[in-house]
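Visitor: I'd like to ask you about the structure that follows.
Numbering (my numbering), first residue to last: 412 to 750.
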């Protein structure tokens, strides 16, 4: 379906209004008027783009200010903004390929973190035996905070089974958790000095801005920042970073609206056997194609497409902060019926 305007809580298709429960605009930021006004003012200050290397002799102060705030919000020593979440993943993988013996990935890890040299962390239901080979001293472990088809944070406790003599760089893709969950990976691994945590994320989902980030200890972030691939690339749009700084209050208020929407929908949701749902996460998954067809006939559009880490079509119903009670009632009525 080709549409001529950004879909918010509704989308116009062939002259007909449909309720829209798709996308990744979890906090409804992209159509938030106050948020847009901050962006417009930021563009007046910083222009529409800055197509220059961050290592140029002219450096914009906004990068340092915004990256300090990102590091604070992500509970890391340092952060680096880049032009996309995909680039963030590729830069981290490039760096770790040079500093670790092997890379391992959890099931359903996003393509941004995948690499042809990466090994599955599980083999026959157990930790990959390559981890325990005698010459292995440093490894990287790649995972999504919330992988596709998950409705909550991934369980990483299996890493406790890896000997503490092995240095682990745990890279977590926070794209679908940033702005939704307050993750506490550092607390979870606080007793494991051999595990260092790095985070990457797309800012184009709940945060509502085109760009990506890498966050972690200062040594690793500085190494990536000074690498050839980063030096040779333009930075994230500075106007977007200015917008992020001045929108912290809006993020919090939209997060509260989303929480209230999820709790209201949860109170109306009856026919749950076909769905994966968590009241704390704004996505419902299902496999039954008849649900997709039935909702469409009720003028409800959801997300459905072939996804790299899914065996079939990825069917997602997404509730965002901008949905109103009438929208949620209509959705609940639509999926409470039999299919």
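Here a beta-carbon is modelled for each residue, glycine too, at the ideal position from N, C-alpha and C.
1. Contact between the region 573-591 and the region 446-461 is defined here as three or more beta-carbon pairs at a separation below 8 Å; is this criterion met?
2. Apply the 10 Å Cβ neighbour rule to residue 456 and answer buried if 16 or more other Cβ atoms are within range, or exposed otherwise.
3. Whole beta strand (DSSP E) runs in the region 415-459 with 3 or more residues, listed along the chain?
4. How many angstroms separate the CA atom of residue 362 from the CA atom of residue 447?
5. In chain order, what residues of the same chain have a beta carbon less than 7 Å from the beta carbon of residue 539, not counting five sequence neighbours either side?
6. Buried or exposed: which applies to residue 667, given that a residue is buried once 16 or more other Cβ atoms fall within 10 Å of its Cβ?
7. Select from 556, 713 and 549 the residue whose C-alpha is nearest the C-alpha of residue 595.
8. Which runs of the alpha helix (DSSP H) at least 4 residues long sit entirely within the region 627-698? Give them in chain order.
9. When you compare only the Cα positions, how much space is there between residue 654 and residue 702?
10. Are the Cβ atoms of residue 611 and residue 490 separated by less than 8 Å?
11. Answer yes or no: do residue 432 and residue 742 have a C-beta to C-beta separation smaller than 8 Å?
12. Check for me: the alpha helix (DSSP H) holding residue 597 runs from which residue to which?
13. On the criterion of 16 or more Cβ atoms from any shown chain inside 10 Å, does residue 412 qualify as buried, or is it exposed?
14. If you draw a straight line from the alpha carbon of residue 652 to that of residue 543, how long is it in whole angstroms?
15. Taking the Cβ atom as the reference point for each residue, do residue 645 and residue 494 lie within a distance shorter than 8 Å?
16. Assess contact between the region 474-492 and the region 614-634, defined as three or more Cβ pairs (one per stretch) separated by less than 8 Å. Is contact present?
17. Excluding the 5 residues preceding and the 5 following residue 688 in the sequence, name in chain order all residues of the same chain whose CB lies nearer than 6 Å to its CB.
18. Between the Cα of residue 681 and those of 628, 562, 496 and 739, spot the shortest distance and give me the residue it belongs to.
19. Specify the secondary structure class of residue 483 as computed by DSSP and reduced to three states.
20. Spatial neighbours of residue 683 within its chain, please: C-beta separation below 7 Å, excluding the five flanking residues on both sides.
21. Cutting at 8 Å between CB atoms, please list the residues of its own chain near residue 547, excluding the five before and the five after it.
22. Just to check my reading of the structure: residue 481 and residue 619 have Cβ atoms closer than 8 Å, yes? What is that Cβ distance to the nearest angstrom?
23. Per DSSP, which residues does residue 727 bridge with? Please list them.
24. Just mark residue 522 as buried or exposed, buried being the case when its beta carbon has 16 or more other beta carbons within 10 Å.
25. How far does the alpha helix (DSSP H) with residue 497 in it reach, from first residue to last?
26. What's the gap between the Cα of residue 423 and the Cα of residue 713?
27. Buried or exposed for residue 445, going by 16 or more other Cβ atoms inside 10 Å?
28. Does the distance from the C-beta atom of residue 665 to that of residue 443 stay below 8 Å?
29. Taking DSSP as the reference, what is the three-state secondary structure of residue 531?
30. What does the alpha-carbon distance come out to for the pair residue 662 and residue 535?
31. Using 8 Å for Cβ pairs, my map puts residue 551 next to residue 580. What's the rounded Cβ distance?
32. Take residue 600 and list the residues in its own chain whose beta-carbon comes closer than 6 Å to its own, dropping the five residues that flank it on each side.
Guide: On the basis of the supplied data:
1. They do not touch, by the three-pair rule.
2. Counted from its first residue, the chain shown places residue 456 at position 45. Result: exposed.
3. Runs of the beta strand (DSSP E) inside the region 415-459: 421-424 and 427-432.
4. This structure leaves residue 362 out entirely; the chain is present only between 412 and 750.
5. Within the chain shown, numbered from 1, the residue matching residue 539 stands at position 128. Same-chain partners within the cutoff: 515, 530, 531, 532 and 533.
6. In the chain shown, residue 667 corresponds to position 256, counting from 1. A residue is called buried when at least 16 other Cβ atoms come within 10 angstroms of its Cβ; residue 667 does not meet this threshold and is exposed.
7. Residue 595 sits at position 184 when you count from the first residue of the chain shown. Nearest C-alpha to residue 595: 556.
8. 629-636, 639-642, 649-656 and 659-679, all fully within the region 627-698.
9. Here the question's residue 654 lines up with position 243 in the chain shown. Here the question's residue 702 lines up with position 291 in the chain shown. Residue 654 and residue 702: Cα-Cα distance of roughly 38 Å.
10. Taking the first residue of the chain shown as position 1, residue 611 is located at position 200. Taking the first residue of the chain shown as position 1, residue 490 is located at position 79. Going by C-beta atoms, residue 611 is not nearer than 8 Å to residue 490.
11. Locating residue 432 in the chain shown gives position 21, where the first residue counts as 1. Locating residue 742 in the chain shown gives position 331, where the first residue counts as 1. Cβ distance < 8 Å, so residue 432 and residue 742 count as in contact.
12. The sequence position of residue 597 within the chain shown is 186, counting from 1. The continuous alpha helix (DSSP H) containing residue 597 extends over residues 596-599.
13. As a working note, residue 412 is residue 1 in the chain shown. Residue environment: residue 412 is assigned as exposed (fewer than 16 neighbouring CB atoms within 10 Å of its CB, all protein chains considered).
14. Along the chain shown, one-based indexing puts residue 652 at 241. Along the chain shown, one-based indexing puts residue 543 at 132. Residue 652 and residue 543: Cα-Cα distance of roughly 43 Å.
15. To locate residue 645, count along the chain shown from 1; it is residue 234. To locate residue 494, count along the chain shown from 1; it is residue 83. Note that the C-beta distance between residue 645 and residue 494 is below 8 Å.
16. Here the region 474-492 lies against the region 614-634, with 3 or more beta-carbon pairs under 8 Å apart.
17. Sequence index remark: in the chain shown, residue 688 carries index 277 (1-based). Taking residue 688 as the centre and dropping the five residues before and after it, the same chain places the C-beta of 695 closer than 6 Å to its C-beta, in chain order.
18. If you number the chain shown from 1, residue 681 lands on position 270. Comparing Cα positions, the closest option is 739.
19. Stepping through the chain shown from its first residue, residue 483 is reached at position 72. Under the three-state reduction of DSSP output, residue 483 falls in the helix class.
20. In the chain shown, residue 683 corresponds to position 272, counting from 1. Around residue 683: no qualifying Cβ.
21. Taking the chain shown and counting its residues from 1, one reaches residue 547 at position 136. Cβ neighbours of residue 547 beyond the five flanking positions: 512, 513, 541 and 577.
22. In the chain shown, counting from the first residue as 1, residue 481 sits at position 70. In the chain shown, counting from the first residue as 1, residue 619 sits at position 208. In fact, because the Cβ distance is near 15 Å, the residues do not count as touching under 8 Å.
23. For the purposes of this step, residue 727 is taken as the residue at position 316 of the chain shown. Partner(s): 696 and 714.
24. One-based indexing of the chain shown puts residue 522 at position 111. Looking at its Cβ environment, which holds fewer than 16 other Cβ atoms inside 10 Å, residue 522 is exposed.
25. On the chain shown, position 86 is the one that residue 497 refers to. Bounds of the alpha helix (DSSP H) holding residue 497 are 496-510.
26. Sequence index remark: in the chain shown, residue 423 carries index 12 (1-based). Sequence index remark: in the chain shown, residue 713 carries index 302 (1-based). Distance between the alpha carbons of residue 423 and residue 713 is about 13 Å.
27. Against the chain shown, residue 445 aligns to sequence position 34. Around the beta carbon of residue 445, a 10 Å sphere encloses fewer than 16 other beta carbons of the protein chains shown; the residue is thus reported as exposed.
28. By 1-based counting over the chain shown, the position of residue 665 is 254. By 1-based counting over the chain shown, the position of residue 443 is 32. The answer is yes: Cβ separation under 8 Å.
29. Indexing the chain shown from 1 puts residue 531 at position 120. Looking at residue 531 - three-state DSSP - the assignment turns out to be strand.
30. Here residue 662 refers to the residue found at position 251 when the chain shown is read from its first residue. Here residue 535 refers to the residue found at position 124 when the chain shown is read from its first residue. Per the coordinates, the alpha-carbon of residue 662 lies some 42 Å from the alpha-carbon of residue 535.
31. Numbered from 1 along the chain shown, position 140 holds the residue referred to as residue 551. Numbered from 1 along the chain shown, position 169 holds the residue referred to as residue 580. Yes, residue 551 and residue 580 are in contact; Cβ-Cβ is about 5 Å, under 8 Å.
32. As a working mapping, residue 600 is identified with position 189 in the chain shown. Exclusion of the five residues before and after residue 600 leaves 606 as the residues of its chain whose Cβ lies within less than 6 Å of its Cβ.
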